[in-house]
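Chemist: For the sequence shown, counting from 1, position 10 maps to 468 in our numbering; every step adds exactly one.
Here it is: the structure, laid out below.
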Amino acid sequence: MKRREFLVVLGGAAAASPVAALAQQAALPVVGYLSSRSLGDSGHIIAAFHKGLSEGGFNAGQNIRVESRFAEGKIDRLPALAADLVRYPVNVLAATGGTSSVLAAKPVVPANLPLLFAMGGDPVKLGVVPSLARPGGNLTGIAFLVNGLAAKHTQLLRELAPKVGTIGFLANPKDPNFETDSKETQEASNLLGLKLVVVKASAEQDLDDAFAVLKREGAEALFVQVGPVTTDLRTTIASRAAASKLPAIYGLREFVDAGGLMSYGTSITDANRQLGVYTGQVLKGIKPADLPVLQSTAFELVINLKVAKLIGLEVPTSILLRADEVIE
Numbered sequence: 459m460k461r462r463e464f465l466v467v468l469g470g471a472a473a474a475s476p477v478a479a480l481a482q483q484a485a486l487p488v489v490g491y492l493s494s495r496s497l498g499d500s501g502h503i504i505a506a507f508h509k510g511l512s513e514g515g516f517n518a519g520q521n522i523r524v525e526s527r528f529a530e531g532k533i534d535r536l537p538a539l540a541a542d543l544v545r546y547p548v549n550v551l552a553a554t555g556g557t558s559s560v561l562a563a564k565p566v567v568p569a570n571l572p573l574l575f576a577m578g579g580d581p582v583k584l585g586v587v588p589s590l591a592r593p594g595g596n597l598t599g600i601a602f603l604v605n606g607l608a609a610k611h612t613q614l615l616r617e618l619a620p621k622v623g624t625i626g627f628l629a630n631p632k633d634p635n636f637e638t639d640s641k642e643t644q645e646a647s648n649l650l651g652l653k654l655v656v657v658k659a660s661a662e663q664d665l666d667d668a669f670a671v672l673k674r675e676g677a678e679a680l681f682v683q684v685g686p687v688t689t690d691l692r693t694t695i696a697s698r699a700a701a702s703k704l705p706a707i708y709g710l711r712e713f714v715d716a717g718g719l720m721s722y723g724t725s726i727t728d729a730n731r732q733l734g735v736y737t738g739q740v741l742k743g744i745k746p747a748d749l750p751v752l753q754s755t756a757f758e759l760v761i762n763l764k765v766a767k768l769i770g771l772e773v774p775t776s777i778l779l780r781a782d783e784v785i786e
């Protein structure tokens, strides 16, 4: 072959290779990833999801594509973001970041598109699926327990600070679990003879008023609801609680990593890994209706002694001995 002919052939191959690469990429199945959280706040969650996918042999950019949408803690954006992913289109949609994501996605996802979720709360009680064992239709996923722990959280607060008589409950009134969580926390407080002060925050600008009410009402400890808004604001909330010298307990260890005092709850990271595993199984052809809703039941108690020292609190030995992790 003459040099000029060789260069023409080589140039044509080089020009064609990006097109071929794009065509190959376009042929890959697409996973839609919908989160109520922000991208910057989701690194460990996203990594866990991809780890679960890889356990099933799926890796982004190699044999699947992942198209993501983040609501940045603004729950009212979720329906439009879910609809955008449906139009994209995607082969399966994974909704995470809390209950709000799947509740927003369910009405806009067609019946022939698998919708998988990682959510807190009871999927049956919240109307997501009719049964955990037989979810039916196009939905299934992972439920990690964030509700029903009010009694345990208030008990731990009382053990942590036995002289406390008034506790605060910081919650998002727009969260689907708000009424249930508030009621359960009130009942748990009544059983322990504690006065409960419920304060509300659905955005960062609400925190000034919330902590002002806690101070005015004489709250001596704090319990924070788990939800996409409070989780996104965990660093600010933990900082405000410490500055107010309030012993505080949270439902996720992410709050303690962000400067909170103590957490007790299931692992949201592992729940999202399991979501990735389920997504891989659906990509392989398993119907969501044939996959029971998994309940993440691994609990962990985490204590941050640096925060305890900062607020002048001595953590009882009884709690330290039961802790799964003590941050010093």
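Glycine is no exception: its CB is placed at the ideal position from the N, C-alpha and C atoms.
Could you have a look at residue 703 and say whether DSSP puts it in helix, strand or coil?
Modeler: Residue state, collapsed to three classes: coil.
Chemist: Report buried or exposed for residue 673, applying the criterion of at least 16 other Cβ atoms within 10 angstroms of its Cβ.
Modeler: Under this definition residue 673 is an exposed residue.
Chemist: Thinking residue 598 and residue 749 are a contact (beta carbons under 8 Å), I'd like their distance in whole angstroms, please.
Modeler: Yes, residue 598 and residue 749 are in contact; Cβ-Cβ is about 4 Å, under 8 Å.
Chemist: Check residue 683 in the structure and name its three-state DSSP category.
Modeler: Reduced to three states, the DSSP call for residue 683 is coil.
Chemist: For the alpha helix (DSSP H) containing residue 712, name the first residue and the last one.
Modeler: Unbroken alpha helix (DSSP H) run through residue 712: 711 to 715.
Chemist: With a threshold of 7 Å on Cβ separation, who are the neighbours of residue 591 within its own chain once the five nearest residues in sequence on each side are excluded?
Modeler: Around residue 591: 750.
Chemist: Which residues mark the beginning and the end of the alpha helix (DSSP H) in which residue 496 is found?
Modeler: Residue 496 -> no alpha helix (DSSP H), and no H or E assigned at all.
Chemist: From 526, 527, 528, 511, pick the residue whose C-alpha is nearest to that of residue 520; which is it?
Modeler: Minimum Cα distance to residue 520 is reached at 511.
Chemist: Are residue 763 and residue 773 close, meaning C-beta to C-beta below 8 Å?
Modeler: In this structure, residue 773 lies closer than 8 Å to residue 763 by Cβ.
Chemist: Kindly give me the distance between the Cβ atoms of residue 725 and residue 714, rounded to whole angstroms, as I take these residues to be in contact under 8 Å.
Modeler: With 8 Å as the limit, residue 725 and residue 714 do not qualify as a contact, their Cβ atoms being about 12 Å apart.
Chemist: Which residues share a DSSP beta bridge with residue 602?
Modeler: DSSP lists 578, 754 as partners of residue 602.
Chemist: Between the Cα of residue 557 and those of 711, 630, 626, spot the shortest distance and give me the residue it belongs to.
Modeler: Comparing Cα-Cα distances from residue 557 to each of 711, 630, 626, the minimum goes to 630.
Chemist: With 16 as the cutoff for other CB atoms within 10 Å, does residue 757 come out buried or exposed?
Modeler: Answer is exposed; the Cβ neighbour count stays below 16.
Chemist: Assess contact between the stretch 726 to 740 and the stretch 580 to 590, defined as three or more Cβ pairs (one per stretch) separated by less than 8 Å. Is contact present?
Modeler: They do not touch, by the three-pair rule.
Chemist: Compare the C-alpha of residue 665 against each of 707, 699, 679 and name the closest.
Modeler: When each option's Cα is compared against that of residue 665, the closest is 699.
Chemist: Is the CB-CB distance between residue 489 and residue 544 below 8 Å?
Modeler: Against a cut-off of 8 Å, the Cβ pair of residue 544 and residue 489 comes out as no contact.
Chemist: Distance check for residue 496 and residue 769, CA to CA, integer angstroms please.
Modeler: Approximately 30 Å between the Cα atoms of the pair.
Chemist: Can you tell me whether residue 481 is helix, strand or coil according to DSSP?
Modeler: Unreliable placement is indicated for residue 481, whose pLDDT of 47 sits below 50; no coordinate value is reported for it.
Chemist: Could you work out which residue in 648, 696, 626 is closest to residue 671 when comparing CA atoms only?
Modeler: If we check each option's Cα against that of residue 671, 626 comes out closest.
Chemist: Indicate whether at least one CB of chain B lies closer than 8 Å to the CB of residue 619.
Modeler: Among the chains in the structure shown there is no chain B, since it carries only a single protein chain.
Chemist: Leaving out the 5 sequence neighbours to the left and right, which residues in its chain are closer than 7 Å to residue 729 when beta-carbon positions are compared?
Modeler: Around residue 729: 576, 600, 602, 754.
Chemist: Here's the rule: buried if 16 or more other CB atoms are within 10 angstroms of the residue's CB, otherwise exposed. What is residue 517?
Modeler: Classification of residue 517: exposed, given that the 10 Å Cβ count is below 16.
Chemist: Across which residues does DSSP place residue 491 in a beta bridge pair?
Modeler: Paired residue(s): 526, 552.
Chemist: With 16 as the cutoff for other CB atoms within 10 Å, does residue 783 come out buried or exposed?
Modeler: Exposed, since its Cβ has fewer than 16 Cβ neighbours within 10 Å.
Chemist: Distance, Cα to Cα, residue 515 vs residue 522?
Modeler: If I take the Cα positions, the gap works out to 10 Å.
Chemist: How would you call residue 780, buried or exposed, if buried means at least 16 neighbouring beta carbons within 10 angstroms?
Modeler: Exposed, since its Cβ has fewer than 16 Cβ neighbours within 10 Å.
Chemist: With the cut-off set at 8 Å, would you say residue 687 and residue 708 are in Cβ contact?
Modeler: In this structure, residue 708 does not lie closer than 8 Å to residue 687 by Cβ.
Chemist: Entirely within the stretch 607 to 674 and at least 4 residues each: give me those alpha helix (DSSP H) ranges in chain order.
Modeler: As far as the stretch 607 to 674 is concerned, its whole alpha helix (DSSP H) runs of at least 4 residues are 608 to 618, 636 to 649, 665 to 674.
Chemist: Can you look up residue 776 in the DSSP assignment and give me helix, strand or coil?
Modeler: Residue 776: helix per DSSP, three-state reduction.
Chemist: Report the option in 614, 617, 548 whose CA atom is closest to the CA atom of residue 485.
Modeler: Closest option to residue 485, Cα to Cα, is 548.
Chemist: Determine the closest residue to residue 487 out of 530, 551, 513, with distance taken between C-alpha atoms.
Modeler: For the residues 530, 551, 513, the minimum Cα distance to residue 487 belongs to 551.
Chemist: Any idea what DSSP makes of residue 587, helix, strand or coil?
Modeler: Three-state DSSP puts residue 587 in coil, outside helix and strand.
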